[in-house]
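Q: Dropping a structure here in structure tokens format, bear with me for questions.
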Amino acid sequence: MDTSVYLTGNCELAERFGAKPEAFRSGTAYRLPSPHGDNWLVDIYPAPGLILTDTHFSLPEPVVWEYTIAEAGLWLCSFNGGDMTIVEKGKKARQLRPGIHLLVNRGQPFKMIYGAGKWQCYTGMWLFGDYIATQLTGRMSDRSFTLDEALTWQSPQYDTPELLLVFEQLKANVRNAAAPLPYYEHKACEVLLLILRNIQDEHWWKRYQKSQRKNYLSYHDRKYIIKIKEELDRDILSPPPVDQLAIMVQMNISKLQHCFKLWYGVSIAEYIRAGKMKYALRLLWDDGLSIKNIAAMAGYENASKFAAAFKKVHGFSPQYIRKSFGL
Numbered sequence: 001m002d003t004s005v006y007l008t009g010n011c012e013l014a015e016r017f018g019a020k021p022e023a024f025r026s027g028t029a030y031r032l033p034s035p036h037g038d039n040w041l042v043d044i045y046p047a048p049g050l051i052l053t054d055t056h057f058s059l060p061e062p063v064v065w066e067y068t069i070a071e072a073g074l075w076l077c078s079f080n081g082g083d084m085t086i087v088e089k090g091k092k093a094r095q096l097r098p099g100i101h102l103l104v105n106r107g108q109p110f111k112m113i114y115g116a117g118k119w120q121c122y123t124g125m126w127l128f129g130d131y132i133a134t135q136l137t138g139r140m141s142d143r144s145f146t147l148d149e150a151l152t153w154q155s156p157q158y159d160t161p162e163l164l165l166v167f168e169q170l171k172a173n174v175r176n177a178a179a180p181l182p183y184y185e186h187k188a189c190e191v192l193l194l195i196l197r198n199i200q201d202e203h204w205w206k207r208y209q210k211s212q213r214k215n216y217l218s219y220h221d222r223k224y225i226i227k228i229k230e231e232l233d234r235d236i237l238s239p240p241p242v243d244q245l246a247i248m249v250q251m252n253i254s255k256l257q258h259c260f261k262l263w264y265g266v267s268i269a270e271y272i273r274a275g276k277m278k279y280a281l282r283l284l285w286d287d288g289l290s291i292k293n294i295a296a297m298a299g300y301e302n303a304s305k306f307a308a309a310f311k312k313v314h315g316f317s318p319q320y321i322r323k324s325f326g327l
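For the sequence shown, the UniProt record's numbering begins at 1 and goes up steadily by one.
Rendered as structure tokens:
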């Protein structure tokens, strides 16, 4: 069925969940029936073609929701936790893990499967084609942008600590619906321009790296390195030791580390550290956790070493970030 996300955001989905819309400051809130009380979605509509959402809800039973959205656009989602799966025709189903995810809508039907019994927590952003065109006109004199380009975007270009920080800043202002509407437009444009910058600045590096990869990484080596990354992503807080990873793909440790850095541009240790720091950034929202508690949950016995690692990844101390969230 056609879904009017462009005009009404999550209204139809919330209705399926048993929620009704209510005016909430500069946005719309949907309160879901729940014995636990704190069960909601919040939508903000700063301008035509731009919708921002923050959620915290749990369902008693799974819901499969099919979207057919006529308007072309991008959906970017900073997924914090829960049980959500995206199903697109001709593609492997994607069960979301913590991180930033992208869906490029070209008018084809797709499904979202919302699991039961888990808190679905994410901050989402719909950027439709007309809005993107309006925002980029005059800002990118050296190049043009089409939605088709987004089909070629790779996860490392948008799932970065820098973009996660922008989404975390958005989270507070979407769920409270308290910021002026131009603020949301500014942050949405920041997200888009950061991604485009990442792609543009990495162009030469990627071209160079591809020529190097052809010389050094066979098809099987690439397959094994991708498998290693998937294994690390499975539980970034407690990743397998490097020697165990080497056994898993039948490589010696030196070759494994070399191939991983050649393909992903960072060492295994750096990749793990960045993953832990992204997890820690989300934990800063819980004002019941001290910095020392968060350090321990991220695998650091020493809070000072944790703070140094956090600043190296995010550019700011955890104390500074927590204050920026208003906590």
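C-beta atoms are modelled at their ideal positions from N, C-alpha and C, and glycine is treated no differently.
For residue 181, which residues of its own chain have a beta-carbon under 7 Å away from its beta-carbon, when the five flanking residues on both sides are left out?
A: The residue labelled residue 181 in the question sits at position 181 within the sequence shown. Result list for residue 181: 26 and 46, in chain order.
Q: Pick out the complete beta strand (DSSP E) segments inside the region 25-62, 3 residues or longer, and give them in chain order.
A: Qualifying beta strand (DSSP E) stretches, in chain order: 27-31, 40-47 and 50-56.
Q: To which residues of the same chain is residue 300 closer than 6 Å at the C-beta, ignoring the five residues directly before and after it?
A: The residue you call residue 300 lines up with position 300 of the sequence shown. The answer, listed in chain order, is 306.
Q: Thinking just about the alpha-carbon of each residue, which of 14, 279 and 316 is nearest to the one in residue 100?
A: What you label residue 100 is simply residue 100 of the sequence shown in a count that begins at 1. Closest by alpha carbon: 279.
Q: Mark residue 116 as exposed unless 16 or more other C-beta atoms lie within 10 angstroms of its C-beta, in which case mark it buried.
A: Position 116 of the sequence shown, counted from the start, is the residue given in the question as residue 116. Answer is exposed; the Cβ neighbour count stays below 16.
Q: Between which residues of its own chain and residue 171 is the CB-CB distance below 6 Å, once the five residues before and five after are set aside?
A: Along the sequence shown, read from residue 1 onward, the residue named residue 171 stands at position 171. For residue 171, where only same-chain residues beyond five positions count, the Cβ hits under 6 Å are 54 and 123.
Q: Round the Cβ separation of residue 335 and residue 52 to the nearest angstrom and send it over; I've been treating them as touching at under 8 Å.
A: The structure shown does not extend to residue 335, since the chain is modelled only from 1 to 327, so the question has no answer here.
Q: To which residues of the same chain is residue 49 closer than 6 Å at the C-beta, ignoring the five residues directly before and after it?
A: The residue labelled residue 49 in the question sits at position 49 within the sequence shown. Excluding sequence neighbours, residue 49 sits near 128, 130 and 131.
Q: For residue 146, count the other beta carbons within 10 Å of its own beta carbon; 16 or more makes it buried, fewer makes it exposed. Which is it?
A: One-based indexing of the sequence shown puts residue 146 at position 146. The residue is exposed, with fewer than 16 neighbouring Cβ atoms inside 10 Å.
Q: In chain order, which continuous runs of the alpha helix (DSSP H) of length 4 or greater are located wholly inside the UniProt domain "HTH araC/xylS-type" (222-324)?
A: The qualifying runs are 242-248, 253-264, 268-283, 291-297, 303-314 and 318-324.
Q: Using 10 angstroms around the beta-carbon of residue 43, count the other beta-carbons present and answer buried if the total reaches 16, otherwise exposed.
A: As a working note, residue 43 is residue 43 in the sequence shown. Burial call: buried.
Q: Per DSSP, what are the beta-bridge partners of residue 329 in this structure?
A: For residue 329 there is no data in the structure shown, the boundaries of the chain being 1 and 327.
Q: Which residues does DSSP list as the beta-bridge partners of residue 104?
A: Along the sequence shown, read from residue 1 onward, the residue named residue 104 stands at position 104. Paired residues: 74.
Q: Could you check whether residue 161 and residue 265 sit closer than 9 Å to each other, using their CB atoms as the reference points?
A: Translated into the one-based positions of the sequence shown, residue 265 becomes position 265. Translated into the one-based positions of the sequence shown, residue 161 becomes position 161. Cβ atoms of residue 265 and residue 161: not closer than 9 Å.
Q: To which residues of the same chain is residue 135 closer than 6 Å at the C-beta, ignoring the five residues directly before and after it?
A: In the sequence shown, residue 135 corresponds to position 135, counting from 1. Correct list, in chain order: 189.
Q: The alpha helix (DSSP H) spanning residue 167 covers which residue range?
A: Translated into positions along the sequence shown, residue 167 becomes position 167. Note, residue 167: alpha helix (DSSP H), 161-176.
Q: Note down the Cα distance separating residue 17 from residue 34, rounded to an integer number of angstroms.
A: Within the sequence shown, the letter at position 17 stands for residue 17. Within the sequence shown, the letter at position 34 stands for residue 34. Going by the C-alpha atoms only, they are around 11 Å apart.
Q: Could you pull the DSSP bridge partners for residue 23 from this structure?
A: For the purposes of this step, residue 23 is taken as residue 23 along the sequence shown, with counting starting at 1. Partner(s): 28.
Q: Hey, how far is the Cα of residue 14 from the Cα of residue 31?
A: As a working mapping, residue 14 is identified with position 14 in the sequence shown. As a working mapping, residue 31 is identified with position 31 in the sequence shown. Looking at the two C-alpha atoms, the distance is approximately 8 Å.
Q: With DSSP collapsed to three states, give me the class of residue 152.
A: In the sequence shown, counting from the first residue as 1, residue 152 sits at position 152. Reduced to three states, the DSSP call for residue 152 is coil.
Q: Can you tell me whether DSSP reads residue 326 as helix, strand or coil?
A: Reading the sequence shown from its first residue, position 326 is the one you call residue 326. Reduced to three states, the DSSP call for residue 326 is coil.
Q: Note down the Cα distance separating residue 126 from residue 85, rounded to an integer number of angstroms.
A: Within the sequence shown, numbered from 1, the residue matching residue 126 stands at position 126. Within the sequence shown, numbered from 1, the residue matching residue 85 stands at position 85. Cα to Cα, residue 126 sits roughly 17 Å from residue 85.
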